[in-house]
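The opening residue of the sequence shown carries number 981 in our numbering; numbering runs sequentially from there. For each residue, glycine too, the CB sits at the ideal point set by N, CA and C. Please read the structure below before turning to the comments.
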Amino acid sequence: MADESTSSGEGISGAGSVGRVLVAGASGLIGRAALEVFAASPDWEVTGLSRRAPGLAGISHLSVDLLDREACRRALGAPRAQPAFSHLVYCALQERPGLVGGWRDRELMETNRRMLENLLDALETGKAPGGAGRSAGSGASGVLEHVSLLQGAKAYGAHLHPIRVPGREREARDDHESFYWLQEDLLRSRAARAGFHFTIWRPPVVFGHALGSPMNPLAAVAAFASLMKAEGQPLRWPGGRTAPQDGVDARLLARALLWATRSPAARDETFNVSNGDVFLWENLWPAVARAMDMELGEPEPCRLAAFLPDRVERWASLVEAERLQAPDLLEWVDESGLYADLLLNTGRDEPPPPSLLSTVKLRQAGFQDCIDTEDMLVEWLERLQSERFIPGPHAPGRPATPDPDGAGGRRGAREALGQRSATRDERPGGRAGESR
Ligand SMILES: NC(=O)c1ccc[n+]([C@@H]2O[C@H](COP(=O)([O-])OP(=O)(O)OC[C@H]3O[C@@H](n4cnc5c(N)ncnc54)[C@H](OP(=O)(O)O)[C@@H]3O)[C@@H](O)[C@H]2O)c1
981 MADESTSSGE
991 GISGAGSVGR
1001 VLVAGASGLI
1011 GRAALEVFAA
1021 SPDWEVTGLS
1031 RRAPGLAGIS
1041 HLSVDLLDRE
1051 ACRRALGAPR
1061 AQPAFSHLVY
1071 CALQERPGLV
1081 GGWRDRELME
1091 TNRRMLENLL
1101 DALETGKAPG
1111 GAGRSAGSGA
1121 SGVLEHVSLL
1131 QGAKAYGAHL
1141 HPIRVPGRER
1151 EARDDHESFY
1161 WLQEDLLRSR
1171 AARAGFHFTI
1181 WRPPVVFGHA
1191 LGSPMNPLAA
1201 VAAFASLMKA
1211 EGQPLRWPGG
1221 RTAPQDGVDA
1231 RLLARALLWA
1241 TRSPAARDET
1251 FNVSNGDVFL
1261 WENLWPAVAR
1271 AMDMELGEPE
1281 PCRLAAFLPD
1291 RVERWASLVE
1301 AERLQAPDLL
1311 EWVDESGLYA
1321 DLLLNTGRDE
1331 PPPPSLLSTV
1341 KLRQAGFQDC
1351 IDTEDMLVEW
1361 LERLQSERFI
1371 PGPHAPGRPA
1381 TPDPDGAGGR
1391 RGAREALGQR
1401 SATRDERPGG
1411 RAGESR
């Protein structure tokens, strides 16, 4: 991670300046990737904010409940107590158990709006003394310069109706209620008032690594394949007939977030962002089987939303036997089995309507990054294997590096990830509170 003593050269948006980015949603799928990418880039001081720590070494973290207005002010609102942030990446999100119902739930929409509002309010009161209005580009001015806000394909109504393909940013706002619109309206009015720039992002399904993220298809697929393999089964296609889809690597999305901090073409714009190709889920399956060193079996419909919770004990045995650095199964996958069933169109013979997004606007604005989705999926599976989150391809019995103290996987997992072991139900606003 860069700090003022080691950084050199051109600043973020002005000579010699250091950008101070706050990533809200730090323990999440996109937030963790953003922390990693910003921290690996020179001239950034990086701070994450979420209730749980993201478990990334060397990155400052503020444990704050965004629903607690006073806690936000205490953590961010005292001038001089914290260095003021020049950039905000906002990818915090609360979902509700069952996922889909929450996408139409007004109360949850308001919850998500309020989280952003509490944070913007706290950042406003926490700016450095004398800082007001848009700065000349120095991150040291104590003024917020730029905010990135996450939306997704649901902005086009993909969860409600067939979308006009491809989804384009220039289309009129889809006429449905969404926390995306509540947050966007709030952000636009604050940006006009305080004089910062913003960029709004619309990724399709995101592939990355996090604990307890309810929309994490990589976790669902990796856990499903690992359990099938442990049961001596081939890898069977569990889904139905799918339509061509697009997706995005969380790392690529994070690089786009970084690009936007430096690019005038990103100011006050909305962008779709994806890997750059399209895929059919069932066509990815042979690559998953190869990466997992499994035979490809005959298709057999299987709901991961039931399969994974049914195998919590079996997963614990696998972690023990393989000495994995992985937590309890549901602590990792949360409701991603349910999300995967939606993506894999499980139990349906008819493919869903396609919901592909155009990324031409982003490319024309100057962000050219792309990755083959099959290569990406294999890379992520190999990373999970090398980090001992899932068993390696050829080692059904022993880990590559023996655990010297014989403590086994779960304690190590939490230490490695730096995350406390509370289940989702135990978190503030968790399942018990009917929202997350
Ligand atoms: N995942 C996808 O496939 C996908 C696709 C398209 C768009 N998106 C959009 O991208 C954004 C981020 O999604 P994601 O999948 O990265 O989410 P995620 O993995 O569920 O992460 C959500 C983050 O928000 C934090 N958070 C939740 N409630 C909080 C609270 N009260 N106070 C502080 N932090 C809180 C969580 O941390 P703690 O629980 O530790 O507090 C976590 O770090 C969302 O707007 C989503 O709609 C996601």
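- Beta-bridge partners assigned by DSSP to Arg1000: Glu1025.
- For Asp1329, no beta strand (DSSP E) run applies, since DSSP gives it neither H nor E.
- At a cut-off of 7 Å, the beta-carbon of Asp1321 does not count as near ligand 1: no heavy atom of the ligand is closer than that.
- Per the coordinates, the alpha-carbon of Arg1170 lies some 31 Å from the alpha-carbon of Leu1336.
- The C-beta of His1067 has 16 or more other C-beta atoms within 10 Å across all chains shown, which makes the residue buried.
- Comparing C-alpha distances from Ala1174 to each of Leu1100, Cys1071, Leu1323 shows the shortest one belongs to Leu1100.
- Secondary structure note for Asp1085: it is in no beta strand (DSSP E), with a DSSP letter that is neither H nor E.
- In the DSSP annotation of this structure, the continuous segment of the alpha helix (DSSP H) that includes Asp1290 starts and ends at 1284 to 1290.
- DSSP, read as helix, strand or coil, puts Ile1010 in helix.
- According to DSSP, residue pairing for Phe1259 in a beta bridge involves Gln1225.
- Counted as a single uninterrupted DSSP element, the beta strand (DSSP E) harbouring Arg1182 occupies residues 1177 to 1182.
- Remark: the C-beta of Ile1039 is outside contact range of ligand 1, defined as less than 7 Å to any heavy atom.
- Within the same chain, Cβ atoms closer than 7 Å to the Cβ of Ala1138 are found at Ser1335, the five residues on either side in sequence being excluded.
- Distance from the CA of Val1268 to the CA of His1126, rounded to the nearest whole angstrom, comes to 39 Å.
- For Glu1075, DSSP records no beta bridge to any residue.
- For Glu1249, DSSP records a beta bridge to Thr1179.
- Arg1144 counts as exposed, since fewer than 16 other C-beta atoms from the protein chains shown sit within 10 angstroms of its C-beta.
- Straight-line measurement puts the Cα of Val1003 at about 12 Å from the Cα of Trp1024.
- Close CB contacts of Asp1349 within its chain, under the 6 Å cut and outside five residues either way in sequence, are with Leu1232, Arg1235 (chain order).
- DSSP, read as helix, strand or coil, puts Val1069 in strand.
- Residue state for Val1127 is assigned as strand, using DSSP reduced to three classes.
- In the assembly as shown, Thr1241 is a buried residue. Its beta-carbon has 16 or more other beta-carbons within 10 Å.
- Assigned with DSSP and collapsed to three states, Val1044 falls in coil, not helix or strand.
- Gln1074 has its Cβ nearer than 7 Å to a heavy atom of ligand 1.
- Collapsing the DSSP output to three states places Val1186 in a strand.
- Inclusion of Met1095 in the 7 Å shell around ligand 1 follows from its C-beta lying nearer than that to a non-hydrogen atom of the ligand.
- In this structure, the CA atom of Pro1224 is about 10 Å from the CA atom of Asn1263.
- If you check the C-beta of Arg1032 against ligand 1, you find a heavy atom less than 7 Å away.
- Note: Ser1030 is bridge-paired with Ser1043 in the DSSP secondary-structure output.
- Counting every other CB atom within 10 Å of its CB across the protein chains shown gives Gly1038 a total below 16, marking it as exposed.
- With respect to Gly1057, Ala1102 sits close: the two C-beta atoms are nearer than 8 Å.
- For Lys1134, there is no enclosing alpha helix (DSSP H), as DSSP gives it neither H nor E.
- For ligand 1, no non-hydrogen atom lies closer than 7 Å to the CB of Met1208.
- For Trp1217, no alpha helix (DSSP H) run applies, since DSSP gives it neither H nor E.
- Arg1182 counts as buried, since no fewer than 16 other beta carbons sit within 10 angstroms of its beta carbon.
- Restricting attention to Leu1361, Pro1146, Ala1020, Gly1078, the CA atom closest to the CA of Val1253 is found in Pro1146.
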